[in-house]
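J.: According to UniProt numbering, the sequence shown is numbered sequentially starting from 1.
Note that the Cβ used here is the ideal one computed from N, Cα and C, for glycine as well.
Bear in mind that the values here come from a model prediction, so they are computed numbers and not experimental data.
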Amino acid sequence: MLSRLLAWASQAPQRPAILTDQKTLTYQDLVEQILAYQPQESISYPTLIVKRDCFQQLIAFCYHLQHGNYPLICHPNLPEEEQRRLSSCDPPSDKAAFAVLSSGSTGRPKVFWRSWASWSDFFEQQNQLFYFSEQTRLFSHGSLSFTGNLNLALAQLWAGGCLVFSDQRSFKGWSSVWRRQKVTHLYLLPSLLQRLLPYFSADSYFAPYLLTSSQHLSPELIRSYYQRFPQLELLMFYGASELSFISWCQGFEAMAIAGFVGRPFPQVKLELREGHIFVQTPYAIEGIEQPYSVDDVGEMTAAGLILKGRTKDWVNQQGVKCHLPSLVQLVHQSGVVQEAAAIKGGSSAADEHVILCLVLKKQRSLTAVKAYLEAHLSPVQLPKRYMLLKELPLNDSGKVDSRRLSQLANKPSNAAHNTK
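#1: Taking only the alpha-carbon atoms, compute the straight-line gap between Leu270 and Ala240 and give it to the nearest angstrom.
#2: Can you give the Cα-Cα distance for Ser191 and Gly398, rounded to whole angstroms?
#3: Within 10 Å of its beta-carbon, does Asp21 have 16 or more other beta-carbons around it, so buried, or fewer, so exposed?
#4: With C-beta atoms as the reference, is Thr301 less than 8 Å away from Leu243?
#5: If you draw a straight line from the C-alpha of Glu274 to the C-alpha of Pro325, how long is it?
#6: Considering only DSSP beta bridges, list what Arg137 is partnered with.
#7: Can you tell which of Glu32, Asp29, Ile59, Leu150 has the C-alpha that lies nearest to the C-alpha of Gln40?
#8: Give the DSSP bridge partners of Ile306, in chain order.
#9: CA-CA distance, Ala368 and Glu339?
#10: At which residues does the alpha helix (DSSP H) containing Leu327 begin and terminate?
#11: Going by C-alpha distance, which of Ser175, Leu86, Leu221 is nearest Tyr199?
#12: Go ahead and pull the three-state DSSP assignment for Ile59.
#13: Does DSSP classify Ser397 as helix, strand or coil?
#14: From the DSSP output, in three-state form, read off Cys54 for me.
#15: Along the chain, where does the beta strand (DSSP E) containing Lys344 start, and where does it finish?
#16: May I ask which residues mark the beginning and end of the beta strand (DSSP E) holding Trp116?
#17: Please list the segments of the beta strand (DSSP E) lying wholly inside the stretch 190-226, counting only runs of 3 or more residues, in order along the chain.
#18: Quick check on the burial criterion: 16 or more other C-beta atoms within 10 angstroms. Buried or exposed for Tyr401?
#19: Looking only at DSSP bridge pairs, what is Asn316 linked to?
#20: Curious, which full-length alpha helix (DSSP H) runs of at least 4 residues does the stretch 4-86 contain?
#21: So, for Phe171: in the same chain, excluding its five sequence neighbours on each side, which residues have a beta-carbon less than 6 Å away from its beta-carbon?
#22: For Ala7, which residues from the same chain have a beta carbon less than 8 Å from its beta carbon, with the 5 sequence-adjacent residues on both sides left out?
#23: At which residues does the beta strand (DSSP E) containing Leu373 begin and terminate?
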């Protein structure tokens with residue numbers, strides 16, 4: 001990576017590489033900061049980078065990558081006990097150059113080892129598909145410890161483009177940053193896109209290109225973005241930390257088919273085994289046998305792959321299998337809810353049931369939600385419990401925090417929000 005940055009610094013030393021709220025760093029500045037970095041991290045397997053500032057994360061990562069120190073950027077708020085656990089791994093092979101973490105959304109974060117080639121060999125192709133170039137400027141939300149953020153940041157610098165980092169917390173503040181810094185690309189998760197839309201009008205500044213993961217982006221939300229921003233180029237991809245990019249599509253394709261995640265990326269092969277998606281890819285982590293499955297379920301059509309979630313997304317409620325993602329998609333079609341998530345309740349298999357967690361639109365009622373669902377589902381498919389919230393909790397990566405929702409559902413103090 002450093003050799004690529006050195007090449008850009010030689011070719012265009014004054015071109016902006018990093019824009020923050022306080023400063024502008026050119027490619028020459030970026031290279032100088034990496035070369036002058038004084039590491040405070042203990043060298044281990046992996047070398048943990050514990051910093052909150054994205055710019056500092058990037059400098060430390062590039063330094064340790066160059067020196068063969070197996071860098072791993074830690075998630076925000078990762079407890080020291082977890083840090084000690086993560087620092088005691090051994091690289092699985094000579095090809096390993098750095099490590100990434102799973103999101104931790106389903107348990108303790110896992111360390112995944114990667115060769116540098118597992119990302120860099122694909123940068124040229126993904127940059128063409130995502131329209132990254134020397135002229136583009138990318139804004140993403142959250143820490144570079146999250147695989148998508150780090151991958152796209154490095155790919156943007158590989159292309160000679162610019163990264164935009166901001167400490168702004170308000171959505172309206174983001175729009176000001178995008179306009180001021182002339183952002184061309186946004187990378188935002190569906191949970192943030194759902195929350196973001198009400199703050200923007202057709203006159204608000206919005207980048208020409210929007211990148212997002214497609215697993216939980218409803219056709220209704222896609223349609224809303226196209227209606228608000230008719231010139232928007234919406235690019236959606238399906239991927240996994242273990243496998244990197246798997247498939248991609250344009251927003252209008254996913255708007256027509258719920259769960260559509262498109263065509264495989266170049267050199268990626270897909271097959272279905274009893275409905276489970278298996279992937280063969282040169283861009284996978286080290287130490288796994290391929291074809292590999294992350295337990296996603298799908299359907300292959302002439303148009304491409306349709307994602308139907310994971311095995312854990314099914315709840316056996318009174319002997320009837322209920323699909324949680326489908327329920328969330330359905331309730332969004334009601335026009336009554338702002339945000340929605342469905343989780344599994346019950347302390348045993350015999351007690352499994354569906355809990356629907358909702359953020360209602362202003363002046364809308366739970367009664368309207370129930371009436372809509374009763375018109376579209378059989379009685380046994382209806383949620384057994386409803387939990388009303390002001391907003392859905394998100395984890396550090398910006399995904400809906402299902403574990404936190406389960407905790408809220410089981411708290412006696414929240415009993416008033418649980419409506420049968």
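T.: This is what the structure gives:
#1: 14 Å
#2: 7 Å
#3: exposed
#4: no
#5: 19 Å
#6: Cys162
#7: Ile59
#8: Phe260, Glu299
#9: 15 Å
#10: 324-332
#11: Ser175
#12: helix
#13: coil
#14: helix
#15: 337-345
#16: Run containing Trp116: none; DSSP gives neither H nor E here.
#17: 209-213
#18: The identity of residue 401 in the sequence shown is Asp, whereas the question assumes Tyr. It counts as buried.
#19: Lys321
#20: 27-35, 54-66, 80-86
#21: Leu196, Tyr199
#22: none
#23: That residue, Leu373, is in no beta strand (DSSP E); its alpha helix (DSSP H) goes 366-376.
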